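Worksheet: one structure, shown below.
Protein chains in written order, with our numbering: chain A, 1 to 320; chain B, 1001 to 1539.
If you want it as structure tokens, here you go:
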């Protein structure tokens, strides 16, 4: 069986559509980040208390709400958990915002929630499945760490690509990956899903994955440039994308399949993580074709206009 | 090629055997049991999978430094008196400059004498400078501050470990944490009551006995008024209630404690004559002598009777008049419950923390959630893998078998690796396994697509395989190295489950380089050897 035996699609000719598509999603994400849901940081980064409770029967949210109000916990948020597969769960997450600006009184929130539950559900004791309490210091630290980890891994990859290809390849790949990260974070903001530590891990994974896709195309461009220096860069880039298209579609499709299985069967603990990967793999595959490769051509055209060398350096020759 | 191939096949089988052994036996001595228990015994499960408590706490290192500076300042005062220098004032660590002692008001002509004292061996940790107004400033050297900080953290870890050990938790993790130098990670598998743990670790983080200078007053303003608006430099105001339930009061205490947590040799929970829980303690000989000197000078029947405050975590817990001289044993009553008295005496027995601590993070996972997560994660992994394997067989036919064998082998190596190294498998780690599957498949697809291209270009099967691997290899290396770079950075900067994820991904990718490239090639080669040259390749 073979899909895409010999495609001959003019990818670069569609660059304005791609640009429009990328702009719409990036701008929608940015607008949501700025004006709508903002950055929906989870308890990991924002600090606060989050308690996951399982009830014997399907809990009545209004009843829990009243119990919290009676205990004086008016700022508690109560959220019912549902699996992506639509599985009804007798679970809720009760969250309290950061109670004070200090790390003191760390455990007070958890105790008051537990007491309120015990007082109101004494005949069918709800069980506490998970507690997460993050103080302001830890939250700030984690924010900083996540930011640094992302920046450093981008720099690390840029340096590697610079070393293996040329600087412009590295820059194009990093821009594409930045584009993917922006759109994925935008998707979290648009759907108002919490960004937790594991989501950051997923975003870093998608950075690696999107980079993979880009490198596969770049490798082929380098190879083709070394073979035929007469053809225009645009022609070589188009041919390279077409030659690697079957691989791109199969690999991304299969990875998408595993990630989708994680999203559907992995349970709601991994919900955010797998959502980031589902979105990230789609957008990462797209960007290697629609963002990274056209940038190489745009760079070369810009250089040509300034009267510099007309051909893009093919980069260091790969050792096979 | 024949001999070579046999050697390669043998090495693959050897690797397979080694890692299978790792899955089932790991570092432990071989034990028999069901397949499942063997695997779960040898793969270290993270707290998110097996349930437990995860705490991150911060040691207030600055406090230990400030109290060291205070102690040195008190000693300097005595040393100056011994040297016959009167009139100079020794300033204690003030919050803005906690590492500096200021000697001001030095009488004319005595500067040289003071210098001689502060340049003594007792003050070697300090840098001495002269202020414009003629006073001397002793600032603790950076190296000494670093030393003291490190020691404070180490002592805290030791103390917490001893306390946790007494709780009887199996395999606790207590270690330095994060990028700073003042955080400790505590992981307690199977413990799901963080309140009890926090209390045992912290509630008496710092216990001291201070001499009472004055009080109590209702508020700090009252206290200031009673002292003409100035707190004497060797004293401090401390809040607290004399007995349980009483409204808060403010006491004026001597700044340097008479007895600190480290001075306790033993402590036992007990009951006083009224049957209320209390704690009987014994002091070390050295502290006992010191305490005897003080209490004998200030007991009820002397000219200067005094009282003492028991200060717990910078709060006055109890104030008692000194009835008679105490040498090395006494008791603390403070309206405790029996549980509190038990826990408090446990703390005193295992030594006090050198500085107080606060909690930055608490995460508790109940055992049922962990079990559900394992089940779901495994179902997702198996479902994803089956779907991928089915597709590979349909799409690449014969070569699909290569890919699937490589995939299974990859998983065996990954799990075996974890068994050998004791790396922890976390929930994101399972996700890492799923991602490894994706990357492994990608390597195979890259190779197969390339071989198909070569075949289309009219190459023979053998040449196509040769060329396909050679071309794909470059790309595979590039893609793997970039992912490993990002995973390594994730490992360096991430914590907990994220680290588990990064580690799993790195192991998985390394295993993948072996299986997708080397193993797959050997299978192709052995296949080609059986076929006649030119026969079509099933791909």
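Beta carbons are placed, not taken as given, at the ideal position from N, Cα and C, and that holds for glycine.
It should be emphasised that the depicted structure is a prediction, and the values quoted were computed from it without experimental measurement.
Proximity below 8 angstroms, CB of residue i to CB of residue j
| i | j | result |
| --- | --- | --- |
| residue 1377 of chain B | residue 186 of chain A | no |
| residue 1222 of chain B | residue 1283 of chain B | no |
| residue 1291 of chain B | residue 1322 of chain B | no |
| residue 1519 of chain B | residue 1012 of chain B | yes |
| residue 246 of chain A | residue 1490 of chain B | no |
| residue 1055 of chain B | residue 1186 of chain B | yes |
| residue 1316 of chain B | residue 1208 of chain B | no |
| residue 264 of chain A | residue 205 of chain A | no |
| residue 149 of chain A | residue 1493 of chain B | yes |
| residue 273 of chain A | residue 199 of chain A | yes |
| residue 44 of chain A | residue 177 of chain A | no |
| residue 215 of chain A | residue 1478 of chain B | yes |
| residue 1560 of chain B | residue 1064 of chain B | This structure gives no information on residue 1560 of chain B, because the portion of chain B shown stretches from 1001 to 1539. |
| residue 47 of chain A | residue 111 of chain A | no |
| residue 180 of chain A | residue 284 of chain A | yes |
| residue 1264 of chain B | residue 1332 of chain B | no |
| residue 1184 of chain B | residue 1149 of chain B | no |
Neighbour flag for residue i against chain B, beta carbons, 8 angstroms
| i | result |
| --- | --- |
| residue 8 of chain A | no |
| residue 120 of chain A | no |
| residue 125 of chain A | no |
| residue 101 of chain A | For residue 101 of chain A, the pLDDT reaches just 45, beneath the cut-off of 50, and the residue's location in the model is therefore unreliable, although a value from the coordinates is still provided. No - not a single Cβ of chain B is within 8 angstroms of the one on residue 101 of chain A. |
| residue 11 of chain A | no |
| residue 93 of chain A | no |
| residue 201 of chain A | yes |
| residue 175 of chain A | no |
| residue 296 of chain A | no |
Residue i (DSSP reduced to helix, strand or coil)
| i | result |
| --- | --- |
| residue 1428 of chain B | helix |
| residue 1266 of chain B | strand |
| residue 1323 of chain B | coil |
| residue 1223 of chain B | helix |
| residue 1484 of chain B | helix |
| residue 1054 of chain B | strand |
| residue 1083 of chain B | coil |
| residue 1464 of chain B | helix |
| residue 1359 of chain B | strand |
| residue 998 of chain B | The structure shown has nothing for residue 998 of chain B, since chain B only spans 1001 to 1539. |
| residue 48 of chain A | strand |
| residue 11 of chain A | coil |
| residue 1217 of chain B | strand |
| residue 1256 of chain B | coil |
| residue 294 of chain A | helix |
| residue 1364 of chain B | strand |
Interface flag, residue i vs chain A, CB-CB below 8 angstroms
| i | result |
| --- | --- |
| residue 1565 of chain B | The first residue shown for chain B is 1001 and the last is 1539, placing residue 1565 of chain B beyond what the model contains. |
| residue 1189 of chain B | no |
| residue 1096 of chain B | no |
| residue 1407 of chain B | no |
| residue 1201 of chain B | no |
| residue 1489 of chain B | yes |
| residue 1376 of chain B | yes |
| residue 1184 of chain B | no |
Cβ neighbours of residue i in the same chain (closer than 8 angstroms, five flanking residues each side left out)
| i | result |
| --- | --- |
| residue 1135 of chain B | 1102, 1103, 1104, 1105, 1106 |
| residue 1483 of chain B | 1439, 1505, 1509 |
| residue 1118 of chain B | 1076, 1103, 1126, 1128, 1136, 1138 |
| residue 175 of chain A | 291, 292, 295 |
| residue 1176 of chain B | 1153, 1157, 1183, 1184, 1185 |
Per-residue contacts from residue i into chain C (C-beta, under 9 angstroms)
| i | result |
| --- | --- |
| residue 1208 of chain B | Absent from the structure is chain C; the protein chains it does hold are A and B. |
Own chain partners of residue i with C-beta closer than 6 angstroms, once the 5 adjacent residues on each side are dropped
| i | result |
| --- | --- |
| residue 1194 of chain B | 1053, 1362, 1364 |
| residue 168 of chain A | 299 |
| residue 1538 of chain B | 1397, 1398 |
| residue 279 of chain A | 184, 187 |
| residue 1294 of chain B | 1258 |
| residue 1004 of chain B | none |
Proximal residues to residue i (C-beta, below 7 angstroms), its chain only, five neighbours per side dropped
| i | result |
| --- | --- |
| residue 42 of chain A | 194, 195, 196 |
Query raised in the report: Where in the region 1267-1314 of chain B do unbroken runs of the alpha helix (DSSP H), each at least 4 residues long, occur, reported from the N-terminal end onward?
Result: 1285-1298
Query raised in the report: Can you give, in chain order, each stretch of the beta strand (DSSP E) that sits fully within the region 149-229 of chain A and has at least 3 residues?
Result: none
Report task. Could you tell me which uninterrupted beta strand (DSSP E) segments, each at least 3 residues in length, are contained entirely in the region 1136-1173 of chain B, listed from first to last along the chain? Result -> 1136-1140
Requested in this report: Mind listing, in chain order, the continuous alpha helix (DSSP H) runs of no fewer than 4 residues lying wholly within the region 1490-1519 of chain B?
Outcome: 1496-1512
**Report entry** Complete beta strand (DSSP E) runs within the region 97-147 of chain A (minimum length 3 residues, chain order)
**Finding:** 127-134
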